[in-house]
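Novice: The letter at position 1 of the first sequence is residue 1 when you use our numbering, and the numbering goes up by one with no holes.
Sharing a structure, written as structure tokens. Questions coming.
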Amino acid sequence: MPTNKDLAELLFPEVKLTIEDLEAKYPLRNLPEGAEVTRFAPSPTGFLHTGSLFTSMISYYVAKHSKGVYFFRLEDTDTKRTIVGSEVDLLNQLSIFGINADEGYSLDGDRGIYGPYKQSERREIYKIVIKELISRGRAYPDFCTPEDLEKIRASQEANKVLPGYYGIYARDRNLSVEERITKINAGVPYVIRFKSNGNHERKTSFDDAIRGTIELQDNDTDVVILKSDGLPTYHFAHVVDDHFMRTTLISRGEEWIPSTPIHLDMYSALGWKAPRYAHIPSIMKLDYGNKRKLSKRKDPEAAVSYFLKEGYPTNAIKVYLMSIANSNFEEWTIQNNSYDLDAFPFSIERMSLDGALFDQDKLNYFSKEILAKMPLEEEFVLVKAWAKEYNEEFFSYIVKDEEYFKKILNIEKDRPNPRKDYAKYSDIYPLIKYFYKDKWDEIFSRGLSFKETLSREDIVSLLKDIKENMLFGSDESSWWNGFKEIAARDGFAISNKEYKLNPGAFKGNISDASEILRVVVTGANQSPNLHEILEILGKEEVIRRIDTVISC
RNA sequence: GGCCCCAUGGUCAAUCGGUUAAGACGGAACCCUCUCAAGGUUCAAUGACAGGUUCGACUCCUGUUGGGGUCGCCA
């Protein structure tokens, strides 16, 4: 009578090692008390998702603050969905955000002794565990075709019972070893399923690091652990990898809560201690009045690349995400006058339990704060790098005269309450184009629009006076006083009070006079501090612009 | 549909049985002001519902409702 051991040997004759060997190969980590081993384990199926960045940040900071280890594992077991090369984008984007792993899969190969860190290279390990599971009767080959499974499902639906491969519906779970061997020798295709001893009527519970005790129905499904392509499923790979990589805390999306009993079932079948789980709430979005998970397909902001392209400082994005993760973070930033995430005592217990709606306004707010307070040189480097990648024209103007661009960037920056015009790098260029001669010419050729109450003659005569008499190279208050004199001479009221008292006596208010200059110089009726703009442009260019307007 | 998770202003939320129910974003108003961006001051806006437990409930329990998730040889 052949035994399960014979079956295992038939299936995996090449496998000689045992689980014990693996235990020895991957020793327990020698870490201080309380240190957490966490990981980020994405599939190479596209660019980094905003929710993934969120989860990876949490894992990263938990490990960092507990003096533990944060590692990166590539879960490339779904060959159909894999996008070749996307792990490069994933890793690059993570590194742009400074979420660098202590060990794991990287572009320069594996770092660390718990590898390989790429699941497709861990086939041997999975086989060792599966072979042992089969000899112990806790896993078995299942010969159902997709059509067979469909039939089972259809009958379950017809009978209104729970769909799935369990109990009496697990067609092949009670096949005799002989029958299995016969089929295998006949070349019938198969998958390997885990044989669950669970009882659906009973409950299992576990202690979630964020949510506390969660009670679920016990798993009784014989899940597939090895697919017909020889690669493991997530359920199995997770259990094996996180056991042998000695992970202590699994942080993953809350969509995994319902399948946790499967994982617990396997841990217990293998006699392993399960790690703790932290199920992270999803980031949501409001869609026609309904909350739903950010979707990569529908929402541009679901991909981290969107924010990079828009030119948000990476720190702003992290700060926003941290404000969702720990709501006391915002108060902390105010109290400490700092956006230094490394210094913030992040706590996983403090995480809120429901999914936050993605709030672009709040992101913009943080981003403006961060950009406004960023030192000029630092901002310059970042803007330049962004422009190089995403806005060629902008970049060409920056490099033409870097010092000139720095002056523009520095407008009203070096003061206690700096300007907050820009939430992202892409906001900059449209607002500063007029500083460049040929761009101003373009603006001018499209026509300037002055206030309707002012006549062409009034405008021209004021401009002529400005051209002749306005101060350059002086401090702001002297310039302003001089400007007021000019305006007064040309029939403008130099104070609001004066104007309101007798509007008929004036061509306009001082604000109208300065608006004329502003429109001429910038092409717009709104701009930052005029004095700074005039000084940056220089006398020659300002007069050129005035002349162009006068003579048109 | 079964099972699970969640529930304080428009958004993010504090409170861990006793508060006039914080704070931030966003909104509104006013002040400042050569426009704008800021800044300052002020305002509006929250415990889903119904039962319990308790001297006392936003807080604990039960149910309802609502929202989300999950039920694959995808992760």
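We put the CB at the ideal spot given by N, CA and C, even for glycine.
This structure is a prediction, so every number in the text was calculated from the model and none was measured.
1. Within this structure, are the beta carbons of Ser66 and Glu23 separated by less than 9 Å?
2. Taking the C-alpha atoms as reference points, what is the distance between Gly212 and Ile280?
3. Output the distance between the C-alpha atoms of Phe346 and Asn4, rounded to the nearest integer angstrom.
4. Excluding sequence positions up to five away, which residues of its chain have a Cβ less than 7 Å from the Cβ of Asn428?
5. If you run the structure through DSSP and keep just helix, strand and coil, what is His49?
6. What first and last residue would you give for the beta strand (DSSP E) that runs through Tyr70?
7. Do you know how far the Cα of Leu363 is from the Cα of Ala316?
8. Just to confirm my understanding: we take Lys433, look at its own chain, exclude 5 residues before and 5 after, and list those with CB closer than 6 Å. What are they?
9. Between Asp218, Val223, Ser205, which has its C-alpha nearest Gly164's C-alpha?
10. What does a CB cutoff of less than 8 Å around Ser95 pick up in its chain, not counting 5 residues either side in sequence?
11. Quick one, are the C-beta atoms of Asp76 and Pro44 less than 9 Å apart?
12. Would you check if there are 3 or more beta carbon pairs closer than 8 Å linking the segment 132-151 to the segment 168-175?
13. Using the Cβ count rule (16 or more neighbours within 10 Å means buried), how would you classify Ala505?
14. Return the CA-CA distance between Lys413 and Phe71, expressed in angstroms with no decimal places.
15. Please confirm whether Asp220 and His238 have their CB atoms less than 9 Å apart.
16. Does the distance from the CB of Glu369 to the CB of Tyr339 come in under 9 Å?
17. Please name the residue or residues paired with Thr201 in a DSSP beta bridge.
18. According to DSSP, Ala303 sits in a beta bridge with which residue or residues?
19. Run the CB neighbour count on Ile334, radius 10 Å, all protein chains shown included, and call it buried at 16 or more, exposed below.
20. Consult DSSP for Gln526 and reduce its assignment to one of helix, strand or coil.
21. How many whole angstroms separate the CB atoms of Ile128 and Leu226, which I take to be in contact at a CB cut-off of 8 Å?
22. Does the beta-carbon distance from Met351 to Ile536 come in below 9 Å?
23. So if DSSP puts Pro232 in a beta bridge, which residue, or which two residues, is it bridged to?
24. Given a cut-off of 9 Å on the beta-carbon distance, is the pair Asp208 and Ile262 in contact?
25. In terms of residue numbering, what span does the beta strand (DSSP E) encompassing Ile280 cover?
26. What is the DSSP secondary structure of Lys118, counted as helix, strand or coil?
27. Whose C-beta lies closer than 7 Å to the C-beta of Thr82 among residues of the same chain, with five residues either side of it excluded?
28. On the DSSP bridge list, what partners appear for Phe366?
29. In the DSSP output, what is Ile192 paired with across the bridge?
30. Output needed for Val520: all residues of its chain with C-beta closer than 8 Å, excluding positions within five of it in sequence on either side, in chain order.
31. Could you have a look at Met322 and say whether DSSP puts it in helix, strand or coil?
32. Rounded to whole angstroms, what is the Cα-Cα separation between Ile19 and Tyr126?
33. Counting along the chain, where does the alpha helix (DSSP H) carrying Met351 start and finish?
34. Arg180 to Lys293, Cα distance in whole Å?
35. Need the endpoints of the alpha helix (DSSP H) that Val84 sits in, please.
36. Tell me the residue span of the alpha helix (DSSP H) that contains Thr548.
Specialist: Let's see:
1. no
2. 12 Å
3. 49 Å
4. Reading the sequence as shown, one finds Ile at residue 428 and not Asn. Cβ within range, chain order: Val383, Tyr422.
5. strand
6. 69-72
7. 7 Å
8. Lys439
9. Val223
10. none
11. yes
12. yes
13. exposed
14. 40 Å
15. no
16. yes
17. In the sequence as displayed, the identity of residue 201 is Glu instead of Thr. None, per the DSSP bridge assignment.
18. His49
19. exposed
20. coil
21. 12 Å between Cβ atoms; not a contact.
22. no
23. Leu226
24. no
25. 276-280
26. strand
27. Pro44, Thr45, Asp76
28. Partner(s): none; Phe366 has no beta bridge.
29. Pro141, Leu226
30. Leu448, Leu463, Arg545, Ile546, Val549
31. helix
32. 10 Å
33. Element bounds for Met351: n/a, residue is neither H nor E.
34. 43 Å
35. That residue, Val84, is in no alpha helix (DSSP H); it is neither H nor E in DSSP.
36. 539-550
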